[in-house]
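*Asks:* The sequence shown: position 534 = 534 (the UniProt record's numbering), numbered continuously. We treat Cβ as the ideally placed atom computed from N, Cα and C, and that holds for glycine.
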Amino acid sequence: MPIHSFGSAWFLQTPRSSYALGVAAGGRLQHWHWGARLNPTDLGIWRPSLDRAFAPVGNDDTGLSFNTLLSEFPFSGSGDFHSPAVEVEHADGSAVLNLRYEAHRLMRGKPGLPGLPALYVETESEADTLEIDLLDETGGLRVTLSYTAFAVHDVIARSARVTNLGNQPCRLRRVLSANVDFGERRSWRWLHLSGAWARERHLHETALRPGVQAIESRCGASGHEHNPFFALRAPDAGEEHGEVFGFSLIYSGNFLGLVELDAMDTARAQIGLGTAGFSWQLEPGETFQTPEAALAFSDRGLGEMSRTYHRLYRTRLCRGRYRDRARPVLINNWEATYFDFDETRLIDLARRAKKTGVELFVLDDGWFGHRDDVHSSLGDWWPYPKKLPRGLVGLAEAIAREGMLFGLWLEPEMISPDSELYREHPDWCLHVAGRSRSLVRSQLVLDFSRPEVRDAILQCLIALLRSAPIRYVKWDANRNLTEIASDGRESARQGETLHRHILGLYAVLEKLTSTFPDVLFEGCSGGGGRFDPGLLHYMPQIWTSDNSDAISRLLIQYGTSLVYPFSAMAAHISAVPNHQVERTTPLRTRGLVAQTGAFGLELDLARCTDAELAEIARLVERHRQWQPLLATGNLYRLKSPFADSESAWMLVSDDQTEALVFHAVILAEANTPLMRLRLRGLRPDWQYRQKGSDLIQGGDALMAHGWLLAPGNDFSAEVRHLVRWQHGT
Numbered sequence: 001m002p003i004h005s006f007g008s009a010w011f012l013q014t015p016r017s018s019y020a021l022g023v024a025a026g027g028r029l030q031h032w033h034w035g036a037r038l039n040p041t042d043l044g045i046w047r048p049s050l051d052r053a054f055a056p057v058g059n060d061d062t063g064l065s066f067n068t069l070l071s072e073f074p075f076s077g078s079g080d081f082h083s084p085a086v087e088v089e090h091a092d093g094s095a096v097l098n099l100r101y102e103a104h105r106l107m108r109g110k111p112g113l114p115g116l117p118a119l120y121v122e123t124e125s126e127a128d129t130l131e132i133d134l135l136d137e138t139g140g141l142r143v144t145l146s147y148t149a150f151a152v153h154d155v156i157a158r159s160a161r162v163t164n165l166g167n168q169p170c171r172l173r174r175v176l177s178a179n180v181d182f183g184e185r186r187s188w189r190w191l192h193l194s195g196a197w198a199r200e201r202h203l204h205e206t207a208l209r210p211g212v213q214a215i216e217s218r219c220g221a222s223g224h225e226h227n228p229f230f231a232l233r234a235p236d237a238g239e240e241h242g243e244v245f246g247f248s249l250i251y252s253g254n255f256l257g258l259v260e261l262d263a264m265d266t267a268r269a270q271i272g273l274g275t276a277g278f279s280w281q282l283e284p285g286e287t288f289q290t291p292e293a294a295l296a297f298s299d300r301g302l303g304e305m306s307r308t309y310h311r312l313y314r315t316r317l318c319r320g321r322y323r324d325r326a327r328p329v330l331i332n333n334w335e336a337t338y339f340d341f342d343e344t345r346l347i348d349l350a351r352r353a354k355k356t357g358v359e360l361f362v363l364d365d366g367w368f369g370h371r372d373d374v375h376s377s378l379g380d381w382w383p384y385p386k387k388l389p390r391g392l393v394g395l396a397e398a399i400a401r402e403g404m405l406f407g408l409w410l411e412p413e414m415i416s417p418d419s420e421l422y423r424e425h426p427d428w429c430l431h432v433a434g435r436s437r438s439l440v441r442s443q444l445v446l447d448f449s450r451p452e453v454r455d456a457i458l459q460c461l462i463a464l465l466r467s468a469p470i471r472y473v474k475w476d477a478n479r480n481l482t483e484i485a486s487d488g489r490e491s492a493r494q495g496e497t498l499h500r501h502i503l504g505l506y507a508v509l510e511k512l513t514s515t516f517p518d519v520l521f522e523g524c525s526g527g528g529g530r531f532d533p534g535l536l537h538y539m540p541q542i543w544t545s546d547n548s549d550a551i552s553r554l555l556i557q558y559g560t561s562l563v564y565p566f567s568a569m570a571a572h573i574s575a576v577p578n579h580q581v582e583r584t585t586p587l588r589t590r591g592l593v594a595q596t597g598a599f600g601l602e603l604d605l606a607r608c609t610d611a612e613l614a615e616i617a618r619l620v621e622r623h624r625q626w627q628p629l630l631a632t633g634n635l636y637r638l639k640s641p642f643a644d645s646e647s648a649w650m651l652v653s654d655d656q657t658e659a660l661v662f663h664a665v666i667l668a669e670a671n672t673p674l675m676r677l678r679l680r681g682l683r684p685d686w687q688y689r690q691k692g693s694d695l696i697q698g699g700d701a702l703m704a705h706g707w708l709l710a711p712g713n714d715f716s717a718e719v720r721h722l723v724r725w726q727h728g729t
C-alpha cells in the first residue's frame, strides 16, 4: 500500500521515494520529509521548531512559531512571514487564517478533479489517495489537501480545495496547488524552462539565492515565456546522478511557480494558479478546486526525473485512441502555400506527399469564411467557396482517393471583428465595456467563461466535424489574452473570469474529444505557447514551436524533454532557407531532428528535386520503423546543446534490447579533437550490434568507453540503431 497511516502521521511511499507529514502540537500540519525512500516506522524524523527572534508564537501553549515550522500548506496572518499557499479575504475585510487539523481520509485509487485535467489510474491498485481537512474555525473555512502516491511512479499528485462553511461570502486571493518546505541547508540549483515565440522552453539554471525567485504567466495561457514547471537539484546532482525535485502544474492558464530561501536556509517551493488579477468569491456552501500538481523525485539525476514524467504523462495523463497508437505521418500545407491555394494546388501537394509515404493531409489556415489573410473570418467556420468550390467534402473525398486521411486547422477560441459571428455577437469576446479592444493578428478572444458562447461554438464544431471525413484537428490559438473581463458578470466576480475561461476551454475540449474519439487532436498556440500538461490531457501531441529550423529545434526539443515525452512533440521537415531564421541545413539533418517527435512535413514538395523526394521517402519509412521506440523508449540525454556545439540523446526500449542514438554537430571547429560519446541505459552484460553494420560491442564497453566520433560538418546529424546481439541472430 503506497500510503501508511500512523494516527496523525502519514508516510506516502513510491518505488524510490517517501513523503512524510504529520500533525504537530496545536493541530498544525507539518512537513517532515520528501526524498529518498524511508522505512514507514521511522517517525522521529521531523525537524524541531526552534525559537527564533521575532518569530511570533501563538497563544495555544504549544510554543511553536509558524515562521519556523516546516508547513504543509502555509497561510497568511498568523505569523508565517514567508510566501503563503492560501490567502483569503473574509467578509470583515481581514485576511487572517489559522488552519488546524480536522480530519483525514484514505482511499484506494485516485479520484478525478471535476472540470479540470488530472492524472488518472486504470485500476485502484495503481495508487492510494490521502485527503486531509484543515479548518479555520473562526472564519468557517475548510481547506482539503489531496495527496496521491503512485505504486509505479515516483510522483506525488497534489491539489487543494477550499470550502466556505460559514454564513457569509469570502474572497480567495491566492490558492496554490502544492507547497514543500525544505528545511536543511543545501546549495540548491533552480531549473526552469523559459523563452519566447520561436525559441520556447530553453533550459535556464541558477543558484538559489536568498529571497524569492519566481516564474509566472500573466498572458492568459501557460505561455511562450515560461513553462509551468521548475526543479530543484542538489549541488552534486547531474544528468544521471543525485537528487532532483520536480514541480509540474497540470493547467493551461496563468500560473505561478516560486522558491523562497529564507535567512535560515529553509527553501519553500510552491506551484499553482497565477495570482495576478485572480480573485474568487466563495459563497456559503461553495467549494473551489485548484488544478493538480505532479511532484516528481529522482535520486538519479535530471534524466530519471524526465523519464518519470514521460512515462506518467504519456500513459496516465494523455487519453484516447492515440495515446498508445502510432500517429500518422502528415503533411501540412501552411508553409507550402500560406493563404495562396485552391483545391487543385492542395490535391497536387497531397498526391506528391502520398508518393513519399505520407498518410495524412492537413489543410491549414485560410479555408473558411472569406479568409485570404489574417484580417477576417475567424468564427465563420464554413468553407470559402472561392478556394473550395466543392466544400470540405469534395476536398476530403479527393484526398481519400489519393489514399490519405484528411485533417483540418481550426482556431475556435478566436473571433475576427470582420466576421459574421462578430457582427451578430460583438459582446461575445473578452472585453471591458467602454474600453478599446486590443487586437493581435487582427483577432479577439471569445469569452469561454460564458456557457452560451461555449455552446454555440461547440454546436458549430460538432456540425463541422460531422460534415466531412475529418480525422485530425490542429487546434490553434494565436494570441494572448487582454481586457480579461466578461460582459454581464458582476464586478465582484470579474477576477474569476480568466480561470472560468480556462475551465470553459476544458469543457469544450472534453465534449469534443469524447464526441469524436477517432479524431487525432493536436494543440498549438503560435507554436509552443500552450505546451503544458493541461492540454495534453485532451490532445496527445502539441506543435512544439513555430520555428521548424533543425538547429533551433535541437535546443527547443532538448528543453521540452525535461518534462514532456517525444510522443507529445509535433515536429516537421520544412524548407530551406528556413522561414523563421533563414538558415539552410541539410535535408537529412532536418529529417532526423523532426523524427524525434510526432513526425510530419511542411514544405512545397513541387519545389523538391527527385533526390530530395527520395530522401524524404526514406526518412518517412525509417520513422515508421522506429516509431514504437521513438514513442515509448526511455530517454537518456547525452550531450546538451546548451553546453556544447553538439547535441546527443538516445532512446532505449523497456526491455533494453533496442536503442536509437542521435548525435548532431551545430558548428564544426578546425582541427578539433575526436569526440567521445558514452551511451547509457543498456544492459552491461549484453552485446549490441549496429544495424547496417557488422560492428558488435558490449553494453559495458558502450557505456564506459563509448564511441569516438570523427568531427562532423556544420549542421550534420546521424542516428545509429542498436539491437541486442546473441549467437545465431
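#1: Around the Cβ of Ser436, are there at least 16 other Cβ atoms within 10 angstroms (buried) or fewer (exposed)?
#2: For Leu439, does the count of other Cβ atoms within 10 angstroms reach 16, so buried, or fall short, so exposed?
#3: What is the rounded straight-line gap between the Cα of Asp92 and the Cα of Ala492?
#4: Since Asn164 sits in a beta bridge, which residues does DSSP pair it with?
#5: Please go through the same chain and pick out, in chain order, the residues whose beta-carbon is closer than 6 Å to the beta-carbon of Thr275, but skip the five residues on each side of it.
#6: Using a 10 Å radius around the Cβ and a threshold of 16 neighbouring Cβ atoms, would you call Leu106 buried or exposed?
#7: Could you say which of Gln580, His241, Leu613 and Phe288 lies nearest to Arg588 if we only look at CA atoms?
#8: Put Leu12 into one of helix, strand or coil per three-state DSSP.
#9: Are Asn332 and Val362 touching if we call contact CB-CB under 8 Å?
#10: Using a Cβ-Cβ cutoff of less than 6 Å, which residues in the same chain neighbour Leu116 once the five nearest sequence positions on both sides are dropped?
#11: Within 10 angstroms of the Cβ of residue 806, are there 16 or more other Cβ atoms? Answer buried if so, exposed if not.
#12: Kindly list the residues whose CB is nearer than 8 Å to the CB of Ala207, restricted to its own chain and excluding five residues on each side of it in sequence; keep chain order.
#13: Quick one: what's got a C-beta closer than 8 Å to residue 730's C-beta in the same chain, skipping five residues either side?
#14: With H, G and I counted as helix, E and B as strand and the rest as coil, what does DSSP make of His427?
#15: Going by alpha carbons, who is nearest to Val593 out of Arg583, Gln557, Leu695 and Ala617?
#16: What beta strand (DSSP E) runs, 3 residues minimum, are completely inside the segment 246–274?
#17: Of the choices Asp644, Glu646 and Val661, whose alpha-carbon is the least far from that of Val652?
#18: Please report the distance separating the alpha-carbon of Glu602 from that of Asp546.
#19: For the pair the segment 224–239 and the segment 609–626, tell me if three or more CB-CB distances fall below 8 Å.
#20: Tell me the DSSP secondary structure of Leu134 in three-state form.
#21: Going by C-alpha to C-alpha distance, which of Ala293, Glu304 and Leu273 sits closest to Gly242?
#22: Can you check the segment 192–246 for any beta strand (DSSP E) of at least 3 residues that lies completely inside it and give the ranges in chain order?
#23: Output the distance between the C-alpha atoms of Val719 and Gly706, rounded to the nearest integer angstrom.
#24: Would you call the segment 135–149 and the segment 233–250 touching, i.e. three or more CB-CB distances under 8 Å?
#25: Relative to the alpha-carbon of Gly112, which residue among Thr609, Glu397 and Arg316 has its alpha-carbon at the smallest distance?
#26: According to DSSP, is Thr41 part of a helix, a strand, or is it coil?
#27: Look at Gly253 and Ala221 and say whether their C-beta atoms are less than 8 Å apart.
#28: Does Glu658 come out as helix, strand or coil in the three-state DSSP assignment?
#29: Mind checking whether Ala468 and Val519 have CB atoms under 8 Å apart?
#30: Examine the Cβ distances between the segment 446–466 and the segment 493–510 and report whether three or more of them are shorter than 8 Å.
#31: Helix, strand or coil: which one does DSSP assign to Leu113?
#32: Around the C-beta of Gly285, are 16 or more other C-beta atoms found within 10 angstroms, so that it is buried, or is it exposed?
#33: Under 8 Å: do the segment 374–386 and the segment 414–426 share three or more Cβ pairs, one atom per stretch?
#34: Taking DSSP as the reference, what is the three-state secondary structure of Phe288?
#35: Between Pro235, Arg680, Asp685 and Pro565, which has its C-alpha nearest Met703's C-alpha?
#36: Do Ile573 and Gly597 have their beta-carbon atoms positioned less than 8 Å apart in this structure?
*Replies:* By the coordinates alone:
#1: exposed
#2: exposed
#3: 15 Å
#4: Leu141
#5: Arg174 and Leu256
#6: exposed
#7: Leu613
#8: strand
#9: yes
#10: Pro291
#11: As shown, the chain starts at 1 and ends at 729. That puts residue 806 outside it, with no answer to give.
#12: Ser187, Trp188, Arg189 and Trp190
#13: Residue 730 falls outside the range modelled here, since the chain spans only 1 to 729, and no answer is possible.
#14: Looking at the sequence provided, one finds Asp at residue 427 rather than His. Here Asp427 sits in helix by DSSP.
#15: Gln557
#16: 255–261 and 267–273
#17: Val661
#18: 11 Å
#19: no
#20: strand
#21: Glu304
#22: 202–207, 211–216 and 226–233
#23: 15 Å
#24: no
#25: Arg316
#26: coil
#27: yes
#28: strand
#29: no
#30: yes
#31: coil
#32: exposed
#33: yes
#34: strand
#35: Arg680
#36: no
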